[in-house]
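J.: Once you've had a glance at the structure underneath, I'll fire off some questions.
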Amino acid sequence: MKDKLQAIKDEALAQIEKAVDLDRLNDVRVSFLGKKGQLTSVLKSMKEVAPEERPAFGQLVNEARAQIERVLEETKEKLERQALEHRLKEEVIDVTLPAKKNNVGHRHPNTIAREEVERIFIGMGYEVVEGPEVEYDLYNFEKLNIPANHPAKDEQDTFYVTKDIVLRTQTSPVQARIMEQGKLPIRVIAPGRVFRSDEVDATHSPSFHQIEGLVVDKNITFADLKGTLEQFAKELFGENTKTKFRPHHFPFTEPSAEMDVSCFKCGGKGCRFCKGEGWIEILGCGMVHPHVFEMCGIDPEVYTGFAFGVGLERIALLKYEIDDMRLLYENDARFLKQF
Ligand code: DAH
Numbered sequence: 007m008k009d010k011l012q013a014i015k016d017e018a019l020a021q022i023e024k025a026v027d028l029d030r031l032n033d034v035r036v037s038f039l040g041k042k043g044q045l046t047s048v049l050k051s052m053k054e055v056a057p058e059e060r061p062a063f064g065q066l067v068n069e070a071r072a073q074i075e076r077v078l079e080e081t082k083e084k085l086e087r088q089a090l091e092h093r094l095k096e097e098v099i100d101v102t103l104p105a106k107k108n109n110v111g112h113r114h115p116n117t118i119a120r121e122e123v124e125r126i127f128i129g130m131g132y133e134v135v136e137g138p139e140v141e142y143d144l145y146n147f148e149k150l151n152i153p154a155n156h157p158a159k160d161e162q163d164t165f166y167v168t169k170d171i172v173l174r175t176q177t178s179p180v181q182a183r184i185m186e187q188g189k190l191p192i193r194v195i196a197p198g199r200v201f202r203s204d205e206v207d208a209t210h211s212p213s214f215h216q217i218e219g220l221v222v223d224k225n226i227t228f229a230d231l232k233g234t235l236e237q238f239a240k241e242l243f244g245e246n247t248k249t250k251f252r253p254h255h256f257p258f259t260e261p262s263a264e265m266d267v268s269c270f271k272c273g274g275k276g277c278r279f280c281k282g283e284g285w286i287e288i289l290g291c292g293m294v295h296p297h298v299f300e301m302c303g304i305d306p307e308v309y310t311g312f313a314f315g316v317g318l319e320r321i322a323l324l325k326y327e328i329d330d331m332r333l334l335y336e337n338d339a340r341f342l343k344q345f
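Just so you know, we're using my numbering here: the sequence shown kicks off at 7 and counts up by one.
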């Protein structure tokens, strides 16, 4: 028995020495010290040893076990150290390698322009509101005094979802929605996407953006409209910007106008940028039509108001002197990076 024990111990130590990694070392542990391991089986066959020799033999087994465990432990530490050193060597970081370029994105010129317009109007006490892009014909046209036979409702201009539902062709329906809520006075702007059945070219897109404005209160006059929009133009295009209001027609405002700003490139003298005009058309506006008030539940005898609509792309194109609207939608990073 003693010889057998000695042989097991020698074999265990030999195998430990040969173990090249931690897995292999663990296999050795299991095969000698595990439940079914060789050393354990020696203990189980204790009955073959004469009773008086059992204590001494038991002690020998324990010593053998302790020795194997100690060597196992030492070898384990050695192998772990080697593995760590190996990994450290493998994972060396070459600090002299050029760094990866960190591409940080930024806001789209349309977004910058929208936030600029929002900032100006928020500064004048306006609230920013939104309306749905898929809109009822009722809000997009009817309540804005655009009756059934109006040319703006032509299928050439409008994307119809059903007979009564359209992709909104303007942000003006938000006016009707806000007025209907009946919370007066009103001072809002409503930026958002609009849709028209247009072919894509340098100045047209089937989907673009507008910012609507609406003010309703007692004693609001055309002078308020002019003062507000003049201030807006100065903040957006510079202190020296002059404004000009030309009579126009919109079904939901009366009187209506279009506002031009003096060309901020040439100061009004006329240049390539303003096509020699000295003026650049910028928005539509007017006093809210009494009939629109009535359809939205507001008494036109008590309240008056003004409204305006600005094309957001137009602002972005002007501000950044971009000459083709398509560039705003192509999402070419080389273009967008410039703003
Ligand atoms: N909705 C008009 C358009 O798309 C723009 C506009 C004109 C809006 C006059 C207004 C306004 O609120 O008063 O052409």
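Quick reminder that beta carbons are idealized off the backbone N, C-alpha and C, glycines included.
Does the count of Cβ pairs from the region 249-265 and the region 287-296 closer than 8 Å reach three?
T.: The region 249-265 vs the region 287-296: in contact.
J.: Quick one: is the Cβ of residue 315 within less than 7 Å of any heavy atom of the ligand DAH?
T.: As a first step, residue 315 must be located in the sequence shown, where it is residue number 309. It does: the Cβ of residue 315 is within 7 Å (strictly closer) of some heavy atom of the ligand DAH.
J.: Please check the pair residue 239 and residue 249, which I expect to be a contact at CB under 8 Å, by giving their CB distance rounded to whole angstroms.
T.: As a working mapping, residue 239 is identified with position 233 in the sequence shown. As a working mapping, residue 249 is identified with position 243 in the sequence shown. Yes, they are in contact, since the Cβ atoms of residue 239 and residue 249 sit about 5 Å apart, within 8 Å.
J.: Determine which residues share a DSSP beta bridge with residue 215 and list them.
T.: Here residue 215 refers to the residue found at position 209 of the sequence shown. DSSP output for residue 215 lists 199 as bridge partner(s).
J.: What do you reckon, are the CB atoms on residue 222 and residue 311 nearer than 8 Å?
T.: Within the sequence shown, the letter at position 216 stands for residue 222. Within the sequence shown, the letter at position 305 stands for residue 311. Yes, Cβ-Cβ distance for residue 222 and residue 311 is below 8 Å.
J.: For the ligand DAH, I want to know if residue 302 counts as a neighbour, meaning its beta carbon is within less than 7 Å of at least one of the ligand's heavy atoms.
T.: One-based indexing of the sequence shown puts residue 302 at position 296. No, the beta carbon of residue 302 sits no closer than 7 Å to any heavy atom of the ligand DAH.
J.: Any chance the CB of residue 213 is under 7 Å from a heavy atom of the ligand DAH?
T.: Position 207 of the sequence shown, counting from 1, holds the residue named residue 213. Checking the Cβ of residue 213 against the ligand DAH gives no.
J.: Quick test of the definition: if touching needs 3 or more C-beta pairs under 8 Å, does the region 183-202 touch the region 123-134?
T.: Judged by Cβ distances under 8 Å, the region 183-202 makes contact with the region 123-134, as three or more pairs qualify.
J.: Are the region 56-69 and the region 116-123 touching by the rule of at least three beta carbon pairs closer than 8 Å?
T.: The answer is no - the region 116-123 does not touch the region 56-69, with fewer than three Cβ pairs under 8 Å.
J.: Can we count residue 218 as close to the ligand DAH, meaning its CB is less than 7 Å from some heavy atom?
T.: The sequence position of residue 218 within the sequence shown is 212, counting from 1. Yes, the beta carbon of residue 218 sits closer than 7 Å to at least one heavy atom of the ligand DAH.
J.: Please report the Cβ distance between residue 177 and residue 331, rounded to the nearest whole angstrom; I am assuming they are in contact, meaning their Cβ atoms lie under 8 Å.
T.: Translated into the one-based positions of the sequence shown, residue 177 becomes position 171. Translated into the one-based positions of the sequence shown, residue 331 becomes position 325. Not a contact, Cβ separation roughly 18 Å.
J.: Is it buried or exposed, residue 99, if we count other Cβ atoms within 10 angstroms and call 16 or more buried?
T.: In the sequence shown, residue 99 corresponds to position 93, counting from 1. Exposed.
J.: When the Cα of residue 28 is compared with those of 202, 68 and 86, which residue comes out closest?
T.: As a working mapping, residue 28 is identified with position 22 in the sequence shown. Taking only the C-alpha atoms, the option nearest residue 28 is 86.
J.: Hey, would you say the C-beta of residue 291 is under 7 Å away from at least one heavy atom of the ligand DAH?
T.: Position 285 of the sequence shown holds residue 291. True, at least one ligand heavy atom lies under 7 Å from that Cβ.
J.: Over what stretch of residues does the beta strand (DSSP E) that includes residue 250 continue unbroken?
T.: Taking the first residue of the sequence shown as position 1, residue 250 is located at position 244. Unbroken beta strand (DSSP E) run through residue 250: 249-256.
J.: Considering residue 288, what are the terminal residues of the beta strand (DSSP E) in which it resides?
T.: Looking up residue 288 in the sequence shown gives position 282. Segment 285-294, the beta strand (DSSP E) holding residue 288.
J.: Would the beta-carbon of residue 220 fall within 8 Å of that of residue 158?
T.: In the sequence shown, residue 220 corresponds to position 214, counting from 1. In the sequence shown, residue 158 corresponds to position 152, counting from 1. No. Outside cutoff.
J.: DSSP on residue 134, reduced to helix/strand/coil?
T.: Taking the sequence shown and counting its residues from 1, one reaches residue 134 at position 128. If DSSP states are grouped into helix, strand and coil, residue 134 belongs with the strands.
J.: At a cut-off of 7 Å, would you count residue 310 as near the ligand DAH, judging by its Cβ distance to the nearest heavy atom?
T.: Within the sequence shown, residue 310 is the residue found at index 304, counting from 1. No - the ligand DAH has no heavy atom lying nearer than 7 Å to the Cβ of residue 310.
J.: With which residues is residue 310 paired in a DSSP beta bridge?
T.: Your numbering for residue 310 matches position 304 in the sequence shown. Partner(s): 223.
J.: Kindly indicate the opening and closing residues of the alpha helix (DSSP H) around residue 265.
T.: Taking the sequence shown and counting its residues from 1, the one referred to as residue 265 is at position 259. Counting along the chain, residue 265 falls outside any alpha helix (DSSP H), though it belongs to the beta strand (DSSP E) covering 259-268.
J.: Are residue 276 and residue 283 touching if we call contact CB-CB under 8 Å?
T.: Translated into positions along the sequence shown, residue 276 becomes position 270. Translated into positions along the sequence shown, residue 283 becomes position 277. The answer is yes: Cβ separation under 8 Å.
J.: DSSP on residue 166, reduced to helix/strand/coil?
T.: The residue given as residue 166 occupies position 160 in the sequence shown. The answer is strand: DSSP assigns residue 166 an E or B state.
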